[in-house]
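**Student:** Pasting a structure here, questions to come.
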Amino acid sequence: MKIAIAGGTGFVGQHLTKHLIDRGDEVFILTRHPNKHRNKQKITYIGWLNENLNPIAQLPPLDAIINLAGESLFGYWTKSKKDRIYQSRIKATYAIIDMIKEMKYKPAVLINASAVGYFGTSLTETFTESRKESGNDFLAEVTEAWEKTALEANTYGVRTVIARFGVILGTEGALPLMTMPFKWYVGGKIGSGEQWVSWIHITDVIGMILFSLDHPTIDQAFHMTAPSPIKNSKMAEVIAQTLHKPNWLPVPRVAIKTLLGEMSLLVESGQKVLPEKAIKSGYSFQYSHIEKALEDLLK
Numbered sequence: 001m002k003i004a005i006a007g008g009t010g011f012v013g014q015h016l017t018k019h020l021i022d023r024g025d026e027v028f029i030l031t032r033h034p035n036k037h038r039n040k041q042k043i044t045y046i047g048w049l050n051e052n053l054n055p056i057a058q059l060p061p062l063d064a065i066i067n068l069a070g071e072s073l074f075g076y077w078t079k080s081k082k083d084r085i086y087q088s089r090i091k092a093t094y095a096i097i098d099m100i101k102e103m104k105y106k107p108a109v110l111i112n113a114s115a116v117g118y119f120g121t122s123l124t125e126t127f128t129e130s131r132k133e134s135g136n137d138f139l140a141e142v143t144e145a146w147e148k149t150a151l152e153a154n155t156y157g158v159r160t161v162i163a164r165f166g167v168i169l170g171t172e173g174a175l176p177l178m179t180m181p182f183k184w185y186v187g188g189k190i191g192s193g194e195q196w197v198s199w200i201h202i203t204d205v206i207g208m209i210l211f212s213l214d215h216p217t218i219d220q221a222f223h224m225t226a227p228s229p230i231k232n233s234k235m236a237e238v239i240a241q242t243l244h245k246p247n248w249l250p251v252p253r254v255a256i257k258t259l260l261g262e263m264s265l266l267v268e269s270g271q272k273v274l275p276e277k278a279i280k281s282g283y284s285f286q287y288s289h290i291e292k293a294l295e296d297l298l299k
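According to the UniProt record's numbering, the stretch in the sequence shown is residues 1 to 299, in order.
Take a look at the structure:
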């Protein structure tokens, strides 16, 4: 397959590119700065999001486009940071829709990133793909607009998969930040510890993206989370056990709020999200339980 990836130089994008190449696909990475990268066997860097660049002229007919582009959520959420989080996602997705509109030969599928934050936060509810209503906080507003933009690809006959990622666990991203206090012997649950963590191992992220590429019946919202979400208190317990470190110092919510501001929403709140479509479609998780996932990543 010939596949274009926006955001291909990021955490998930790098893992995905490697797996696509290993299985024999050809990858075209859309980047603002193609000159910073050297083309490799089966990897071509294509400039985009610049009025002086014409990515369509450099791309062959594509089988798929995967959009992972967007400003990192990590960092203090000032007004300008929140604007970048929102605009980077919407702008990149609109650019992809415009590309699809102009392509003579349309890709069969667009896989567009989103997040379980679409639902807002809850201690009591369980969310599957059948739940249509979004939440009302900042992340819910961002993801709702992001998904709505991506689904415009349907207008051009392109199957569209909305990949709602949970907390992605890998040697990069959120996990190093989560484990750091434990390595300093000051680890513990955050706040009450009752908030849900809908997590997923990076291996299953890639597996589910490939699964959705290869299974034409997968479309619309597709939850990329492990089938066993856990509460923050349990996550802290398993991290401590895996690292052989104490789990004794709860972090007060007020401290998290003071340190992170509105970004504290990422760690002090959560939602219980289940991958109903993946289970019903026969996807086989490599890491269904947090103990095995952390054992793989931390040892």
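Quick reminder that beta carbons are idealized off the backbone N, C-alpha and C, glycines included.
#1: What residue range is occupied by the uninterrupted beta strand (DSSP E) comprising L169?
#2: What is the rounded straight-line gap between the Cα of residue 302 and the Cα of N52?
#3: Which residue comes first and which comes last in the beta strand (DSSP E) that contains E26?
#4: For S122, does the three-state DSSP call read helix, strand or coil?
#5: Between P176, I239 and W146, which lies nearest to E71 when the distance is taken from Cα to Cα?
#6: Going by the CB atoms, is the gap between F138 and W184 shorter than 9 Å?
#7: Buried or exposed, going by whether 16 or more other CB atoms sit within 10 Å of the CB of L169?
#8: Does DSSP classify F74 as helix, strand or coil?
#9: In three-state DSSP terms, what is W199?
#10: DSSP three-state label for M178, please.
#11: Look at the Cβ atom of T171, then the Cβ atom of L110, and state whether they are nearer than 9 Å.
#12: Given a cut-off of 9 Å, decide if A226 and R164 are closer than it, judged by their beta-carbon atoms.
#13: Buried or exposed, going by whether 16 or more other CB atoms sit within 10 Å of the CB of M180?
#14: One question on the structure: do K189 and N154 come within less than 9 Å of each other, judged by their Cβ atoms?
**Tutor:** Let me spell this out:
#1: V167 to L169
#2: Residue coverage of the chain in this structure runs from 1 to 299, which leaves residue 302 outside it and unanswerable.
#3: E26 to T31
#4: coil
#5: W146
#6: no
#7: buried
#8: coil
#9: strand
#10: helix
#11: no
#12: no
#13: exposed
#14: no
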